[in-house]
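**Student:** Chains as they are written, first to last, in UniProt numbering: chain A, 1 to 322; chain B, 1 to 517; chain C, 1 to 365. From the three backbone atoms N, C-alpha and C, an ideal C-beta is built for every residue, glycine too.
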Amino acid sequence: MFETLILILDATLRVSTPLILAALAGLFSERSGIVDIGLEGKMLAGAFAAAAAAAVFGSAWIGLLFAIAASVSLALIHGFACITHRGDHIVSGVAINTIVAGLTVTLGLDWFDQGGQTPSLTGDARFTPITFPFADQLADVPVIGLIYSELLSGHNILVYLAFAMVPLTYWIVFKTRFGLRLRAVGENPHAVDTAGISVALVRYRAVIICGILCGLAGAYLSTAHNAGFLKDMSAGKGYMALAALIFGKWRPVPVLCACLLFGFLDALAVRLQGVSLPGIGEVPVQAIEVLPYVLTVLLLAGFIGKAVGPKAIGKPYVKERA
Amino acid sequence: MTQQTHPYSIELEGISKRFGAVQANKNIDLQVPTGTIHGIIGENGAGKSTLMSIIYGFYEADSGSISIDGQQVAIRNSQDAINVGIGMVHQHFMLVENFSVLENVILGAEGGAVLKQGMDAAREELKRLEQEYSLDIDVDAIVEDLPVGLQQRVEILKALYRGAKILILDEPTGVLTPQEADHLFRILKSLKEQGVTVILITHKLREILASTDNVSVMRQGEMVAHRETSKTDKEELAELMVGKKVRLKVNKDEAKPEQTVLSAKDLSFFDGQGVERLKKVSLELKAGEILGIAGVSGNGQSELLNVLSGITPMASGEIQFAGQTITASEPKNAAQMRDLKMAHVPEDRHKMGLVTGFEAYEAAVLGYHDSEAYNGSVLMKRSAMLEECNERMAAWDVRPPNPHLKTANFSGGNQQKIVIAREVEQNPNVLLIGQPTRGVDIGAIENIHEQIVKLRDAGKAILLVSVELDEIMALSDRIIVMFDGAVVGEVSANEADERTLGLMMANAWNEGQGAQA
Amino acid sequence: MSQAKVPAWVSVGLIPLLNILLAFLVSGLVFLAIGEDPIEAAGYLVYGAFGYDEGIGYTLYYATNLIFTGLAVSVAFKAGLFNIGGEGQAYIGGLGVGLLCLWFDSSLPLLVIAPLAIIGGALFGAAWAYIPAYLQARRGSHIVITTIMFNFIASSLMVYLMVNWLKAEGVMSPISRTFEESAWLPYMHDIFAPFGFDIGDSPLNLAFVLALLCCVFYWALVWHTRWGYQLRTVGTNPTAAQYAGIDNAKVTIWVMLISGGLAGLVGVNEIMGVNHNLLLNFTAGYGFAGIAVALMGRNHPIGIVLAAMLFGALYQGGAELSFEIPTITPEIVVVIQGLVILFSGALENMFKGKIEGLFLRKAAA
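1. In chain order, what residues of the same chain lie with their CB nearer than 6 Å to the CB of C:ALA308, ignoring the 5 residues before and after it?
2. Please list, in chain order, all residues of the same chain as B:VAL73 whose beta carbon is under 7 Å from its beta carbon, the five residues on each side excluded.
3. Taking 8 Å as the limit between beta carbons, can you name the residues of its chain near C:ILE191, skipping five residues before and five after?
4. In angstroms, rounded to a whole number, what distance separates the CA positions of B:GLY512 and B:GLU258?
5. Going by DSSP in three states, B:VAL481 sits in which element: helix, strand or coil?
6. Do B:ILE208 and B:GLY39 have their C-beta atoms closer together than 9 Å?
7. Less than 7 Å between C-beta atoms, sequence neighbours within five positions excluded: which residues of the same chain meet that for B:MET241?
8. Give me the Cβ distance between B:LEU157 and B:LEU126, rounded to the nearest whole Å; I'm assuming they're in contact under 8 Å.
9. Got a sec, what are the start and stop residues for the alpha helix (DSSP H) C:VAL46 sits in?
10. Using DSSP bridges, identify the partner residues of B:MET342.
11. Starting from the Cα of B:ARG499, find the closest Cα among B:LYS417, B:ARG422, B:LEU475, B:ASP470 and give me that residue.
12. Leaving aside the five residues before and after C:ALA4 along the sequence, list all residues of the same chain whose C-beta is less than 7 Å from its C-beta, in chain order.
13. What beta strand (DSSP E) runs, 3 residues minimum, are completely inside the region 125-177 of chain B?
14. I'd like the list of long-range same chain contacts for C:ALA319, defined as Cβ closer than 6 Å, with 5 residues on each side in sequence excluded.
15. For the region 346-382 of chain B, which segments carrying the beta strand (DSSP E) assignment without a break, of at least 3 residues, lie completely within its bounds, in sequence order?
16. A:GLY281 versus chain B: which residues are under 7 Å apart at the beta carbon?
17. Beta-carbon within less than 6 Å of B:ALA81's beta-carbon, same chain only, minus the 5 sequence neighbours each way: which residues are those?
18. I'd like to know if A:PHE178 contacts chain B, where contact means its C-beta is closer than 9 Å to some C-beta of that chain.
19. Please compile the residues from chain B whose C-beta is within a distance smaller than 7 Å of the C-beta of C:ASN237.
20. Assign B:GLN324 to one of three DSSP states: helix, strand, or coil.
21. Let me confirm a value: C:ILE39 is counted as buried when at least 16 other C-beta atoms fall within 10 Å, else exposed. Which label applies?
22. What alpha helix (DSSP H) runs, 4 residues minimum, are completely inside the region 172-204 of chain A?
23. Tell me where the alpha helix (DSSP H) around B:THR500 begins and ends.
24. Please state whether DSSP places C:MET172 in a helix, a strand or coil.
25. Kindly list, in the order they appear in chain B, the residues whose Cβ is closer than 7 Å to that of C:ARG226.
26. Short of 7 Å Cβ to Cβ, which residues in the region 246-259 of chain C face chain B?
27. Excluding sequence positions up to five away, which residues of its chain have a Cβ less than 8 Å from the Cβ of C:LEU310?
28. Beta-carbon within less than 8 Å of B:ASP266's beta-carbon, same chain only, minus the 5 sequence neighbours each way: which residues are those?
29. Name the residue from B:SER100, B:TYR361, B:ARG422, B:ILE452 whose alpha carbon lies nearest to the alpha carbon of B:THR407.
30. Can you list, in chain order, the residues of its chain with a C-beta nearer than 8 Å to that of A:SER276? Leave out the 5 residues immediately preceding and following it.
31. Please state whether DSSP places B:THR312 in a helix, a strand or coil.
32. Within 8 Å, do at least three Cβ pairs link the region 235-251 of chain C to the region 113-120 of chain C?
33. Just the C-alpha distance for A:GLY41 and A:PHE48, rounded to the nearest angstrom, thanks.
34. My output table needs one value for C:MET296: the three-state DSSP class, helix, strand or coil.
35. Just the Cα atoms here: how many angstroms apart are A:PRO310 and A:ILE34?
36. So, with DSSP's three-state summary, where would you put A:ILE157?
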């Protein structure tokens, strides 16, 4: 039983990682007032770029760089539409998701001729598990051994990075000058403008950070969690990250908790597939899979707490005639 | 650190600014002596705010120059303005509401990439500033929890923290209670004593006379006069401000008020922030009279119109109208009030009275779109709507008389005619009318006034809200004055003079009387 | 006020056209990037879509779905709402159609089943839109997010139902049994055949006529009824709507019901017209494509039909293209679709300021 739990938690960490990275990406963007439903597309683009570059150069790290570059370019397009041209944030996000969904397959087929997939990655072209010191030796120590060697050790660098990003994000958002301006610009851009700060510049920085993190999430999908790019491999994770962002009320630690919860539900669903529980019978996997979305809707409807986003979110900033 | 002080802390030369067809500022010259409080007065739309926005780098002037302490400077954005020592307190505060006072103050002047150090230094500096200018405030309070007067103080602190030597305040007392306003002026005096130059923009003569050293008057985008405050008076300034405007004169006979058609008792209303915007307002409106509601804008008039017309529900109180009793628990919405023959010309025709994307004939039925006259069983009767629109456009001299033109493309006066015609032609028993001539050209004003009087003479009850005192005095048979959400006085039209009303609007009537007695 | 002087043909003609052209220009660059000649590709596309009877049939069949979802997105747009949940509403609408067909196919004739299924599809789609609409209207939750969530919920629900309840006996894949022919919407080629017209076999069926009827319905509703008047008022000026005594919340709800209902009709075309059984993933992105159609069609039924035909042509032509040039996937059409959303939606203001400025200056001179 305990071992099963550890295994589920272990899977939870792996499934949560892209959610955490993408949700934190969304946090930066949305805290600055830019709605981002394009997390999905940026992540998918990142996954494709990472796998493609890793396949060509044989290095997961080079893949990572390409993932970030691809994702940031899309973030800049989103910024160009929403910040510079005051376009509709949602429409722009939908556009990006659509373009990426088509473009990754189109380019994949052209470059690798494997029906839109990238070649499978091996060796240095993937991020491999990092084993903690003494993990193997401690494996047999009761309780702690299992936690240390199974749950904590043995993940790849991006998993640890994702978790490290949470306190870092907290620090940036709440303890630095950039964070102060970021939060201000999402609440009242007029106040930021009159304080002599460029609203556009702060927002562009925010979407660039968002792009970097989505790139990391994408690279994780194709070069760490899997061994190559598959069509539509982000499979709604970007939207789930968005749900986690809302569920975590745009704050880093609650967002982390939401991602872990959603990841846990995912891992649990996989575990429970076809399993008959005593007294309950077989739990439909779909009922568990759907919980993150249902919970988010309930939260948005104010049935469990209240989600109040940044005040100026989604509104283009226009200098008004005073 | 003493530096040689230039006689003028700020000088403007030939500032002009045009927005499309509107010349907002025409060749403005201004000299503000260092360490003085300088008033700039003018009516709504005289170009004061545009001028200040230019000084603060929000807009760039089309031509002209700005000098600070004798040095010509280029101010292209707010950062430039801050750098040359200009601070501004906007009419609508530029504060991040869910930030603490401290966070708001340091925004844009954080003193380093990591907040901690800058915050600590700011805390010290604020303590000093608070003592120096007696600006008590809890720096850790969250701004949205503070009363407006204190929020304004945060704005002042923000400017001072950035080392402002010139502080511009745009209509600073519009949102303040009298006590808060008095406190503000004490603060401004102490700023002046510390060598800060203060520019005060207002349309309230009393404030100018009470607190400034010099005053400049703007009218229709031009700077028309400069005076030493001690050498001028209310009458002269008022005349300069208004110019040689023909006094509004409306030909009308004595009113013959009949039975009461609408009575409101103890109406209260709270806004989204929980601020009480209407405080137990009671009034009676009779057939055949025009009841004017005077007051500085933002003192509850808009809320009163909205509650009476059913747009927003009241919090408590009671309205008797057309044999119905309307209360908070038994409300009626705007459509139901219309059915009871109450018409409403809203204060803001762009926000409320019209849908600017609609063609004129569509906008001409807004609120009456469910009426049988315009509807078949399923489809709307487009030809009936067009026909009626054509008739009304002719009757009200709307130009161009094209029912297919988008409402946005009519001039202000013609838009207003479309709205008033729509409401009046429904033959209501009560007409609520807000700012009937705001943004309307002179010719149309006369026409609109005549129509209002005609409606009164036809035995209708009219409630007129206007911030133009002239208009209130020229049209009303009876005048109620609102201040801070409450009715503070009522006078008959014969007794009303500007002085009495002005004092009432400033809630200074009783104390004024007391002081003189 | 000055914008008023920009001629109408510039703001509703020239600028949208420029945006579309730019989208196609960039699409051409994508073709160049994968080493294909865009002109040649366009040739195959056009031939595949319009060059022969079957091609035209397929084009119109795709367009049918896109008209439904385009109208669905558009009617919500008109009321200032962004219904991004067309995908889920179409899915559940299809479920409704499928259930009715499964229940009645052996007991009722087509003339009864067809209207029942149409109503059922619309009702199911509307019901799926109702919850997000209610939550937005009464509890203030953002409709964009809730409709996205409902897409996923719909998807899980369908998998659950198909796998556990609706799967035909004796098959591995989650598809229902095939309906009796009494629940098949007639194909257009079957309708035309008795009159001696051979229009080529294609999935094009009577649902296309339903789609055109929906355009007429949309046009009448939006511009010629008091309800349309209300929804346009709410969409363009909510404060004025309040002033006019229009209940914004109520309008939000019924507009979303109509929007969901229109999206649900995709099920009529797909389930009753073509597949003749219930299956997974038959919505295939039409809900999202509806956004592109609505944007490109400028929220007008004629525009929507034209845009739907264009995208339908791209879908069909894309299939032809990938057949002729195997190195190109039909997914390239999705790229073009995305670029259209980007340029005529998100970047619609890009040329606007400059071009309008140009005309104003000319007018002033």
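**Tutor:** The short version:
1. ALA63, LEU66, ILE67, GLY70, VAL293
2. ILE66, SER67, VAL84
3. LEU206
4. Low per-residue confidence applies at B:GLY512: pLDDT is 42, beneath 50, and the placement is therefore not dependable enough to give any value.
5. strand
6. yes
7. ILE41, GLY42, GLU43, VAL217, ARG219
8. 6 Å
9. 38-50
10. B:VAL430
11. B:ASP470
12. Low per-residue confidence applies at C:ALA4: pLDDT is 46, beneath 50, and the placement is therefore not dependable enough to give any value.
13. 166-170
14. PRO330
15. none
16. Ordered by position in chain B, no residue passes the 7 Å Cβ test against A:GLY281, which lies about 48 Å from the chain.
17. TYR56, GLY57, ILE75
18. yes
19. VAL355
20. strand
21. exposed
22. 177-187, 189-194
23. 498-505
24. coil
25. HIS369, ASP370, ASN375, MET380
26. none
27. MET296
28. LYS280, VAL281, SER282, SER316, GLY317, GLU318
29. B:TYR361
30. GLU282
31. coil
32. no
33. 11 Å
34. helix
35. 10 Å
36. helix
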